[in-house]
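Structure, as structure tokens:
2 protein chains.
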Amino acid sequence: MSINTHELTGAKARIFKALGHPTRLYIVETLADGEKCVCEFVDAVGADFSTISKHLSVLKEAGIIEDEKRGLQVFYRLRVPCIMNFMGCINEVIKINLEKQLTLFKQQKRETKK
Amino acid sequence: MSINTHELTGAKARIFKALGHPTRLYIVETLADGEKCVCEFVDAVGADFSTISKHLSVLKEAGIIEDEKRGLQVFYRLRVPCIMNFMGCINEVIKINLEKQLTLFKQQKRETKK
DNA sequence: TGATTATTTGGCTATTATACCAAATAGCAC
DNA sequence: GTGCTATTTGGTATAATAGCCAAATAATCA
Chain A
1 MSINTHELTG AKARIFKALG HPTRLYIVET LADGEKCVCE FVDAVGADFS
51 TISKHLSVLK EAGIIEDEKR GLQVFYRLRV PCIMNFMGCI NEVIKINLEK
101 QLTLFKQQKR ETKK
Chain B
115 MSINTHELTG AKARIFKALG HPTRLYIVET LADGEKCVCE FVDAVGADFS
165 TISKHLSVLK EAGIIEDEKR GLQVFYRLRV PCIMNFMGCI NEVIKINLEK
215 QLTLFKQQKR ETKK
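Chains A and B are the protein sequences, given in the same order.
Just so it is clear: in the first sequence, position 107 is 107 by our numbering, and no numbers are missing.
Offset between the second sequence (1-based) and our numbering: plus 114.
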């Protein structure tokens, strides 16, 4: 029942990959507030029903979310809320990136003035 | 200098996407132990130099790693070690996935016996 | 200077991902 | 049963990614 390092890295990468799309990340962040039905994402994202449905299935395949049908609607929820703990780090990356870009931009401005 | 929610989600997704490849994730996990030069990854992964170089540039573009040239070699290191804090959560997802698959597998076996 | 080594870049092809539309499915109401 | 609504699935066109090879660049050394 064990899994080798190589396979494990692949499995982890698949999870990151599932999160690596704006719509899917939006879905995950929204689900952090509690379960939502598919139609709510369709309205919010403004994409086709089928598009949202496919994004949801990618996240479900990855084991990040789970679904439950109640009546006509399907509700999705986060299966692993710890995902959200990571967002602080991601935001840190973005902040550093922005600062770096800003520095480069200021440098360029100084250089063009000369 | 602010950034809207939409753009922010896109920026975060780009970081996840960069981590969403087995080779790149392997590189990041390896760099958690300290800086490495490009050739070390080429040896370990067994891919072309150009392939590794491109993966490194994807990670660098995303702001996850940074490089420094010393002599003929280029050394890469993690720019945001907090990335590693997330791995526990990812492992949790994988563990749950495996358990679920195992349950399904056992169920199937029971059903075929009938 | 020319040769050597480490790395990056450009170009090409094969594969994969994305988004939309249309059709299929599933549950409910009548 | 028929009709209606919410969602998924299949098909397809387009775009993005990954990998390799060959060529370009950069630093060192003779």
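Virtual Cβ for every residue (Gly too), placed ideally from N, Cα, C.
Just so you know, these numbers come straight off a predicted model, no measurement behind them.
Check the Cα spacing between G63/A and each of N4/A, L98/A, T9/A, I15/A: the tightest is with I15/A. By the rule that beta-carbons nearer than 8 Å mark a contact, R193/B touches chain A.
The beta carbon of L173/B lies closer than 6 Å to those of A132, R138, I179 in the same chain, with the five residues before and after it left out. Under the 10 Å beta carbon count, H6/A is surrounded by fewer than 16 other beta carbons and is classified as exposed. Spanning the alpha carbons of P136/B and V142/B requires a straight line of approximately 10 Å. Rounded to whole angstroms, G202/B and K12/A show a C-alpha spacing of 10 Å.
Scanning chain B for C-beta atoms nearer than 9 Å to the C-beta of E92/A yields V194, C196, reported in chain order. Boundaries of the alpha helix (DSSP H) harbouring I166/B: 163-175, taken from the DSSP string. Listed in chain order, the non-local C-beta contacts of M198/B below 7 Å within the same chain comprise A146, local neighbours out to five positions each way being set aside.
The C-beta distance from Y26/A to L56/A rounds to 12 Å, too long to meet the 8 Å contact threshold. As the crow flies, the alpha-carbon of A44/A is around 10 Å from that of I52/A. By the neighbour-count criterion, in which 16 or more other beta carbons inside 10 Å mark a residue as buried, R193/B falls on the buried side.
In the three-state reduction of the DSSP assignment, R193/B falls in the coil class. A straight line joining the alpha-carbon of V93/A with that of C39/A spans about 32 Å.
Contact of T123/B with chain A is assigned, a C-beta pair being separated by under 8 Å. Think of a sphere of 8 Å around the beta carbon of I64/A: the chain B residues whose beta carbon falls inside it are V207, in chain order. For C89/A, the residues of chain B that pass the 8 Å Cβ criterion are V194, C196, I197, N199, F200, in the order they occur in the chain. By the neighbour-count criterion, in which 16 or more other beta carbons inside 10 Å mark a residue as buried, N4/A falls on the exposed side. In the three-state reduction of the DSSP assignment, E182/B falls in the strand class.
At least one CB atom of chain A sits nearer than 8 Å to the CB of L133/B. Scanning its chain for C-beta atoms nearer than 6 Å, with the 5 sequence neighbours on each side dropped, one finds around Q73/A the residues C37, in chain order.
Residue contact check for Y190/B against chain A: no CB pair falls below 8 Å. For K126/B, the neighbours in chain A by C-beta distance under 9 Å run, in chain order, L19, P22, L25, E29, M87, I90, N91, V93, I94.
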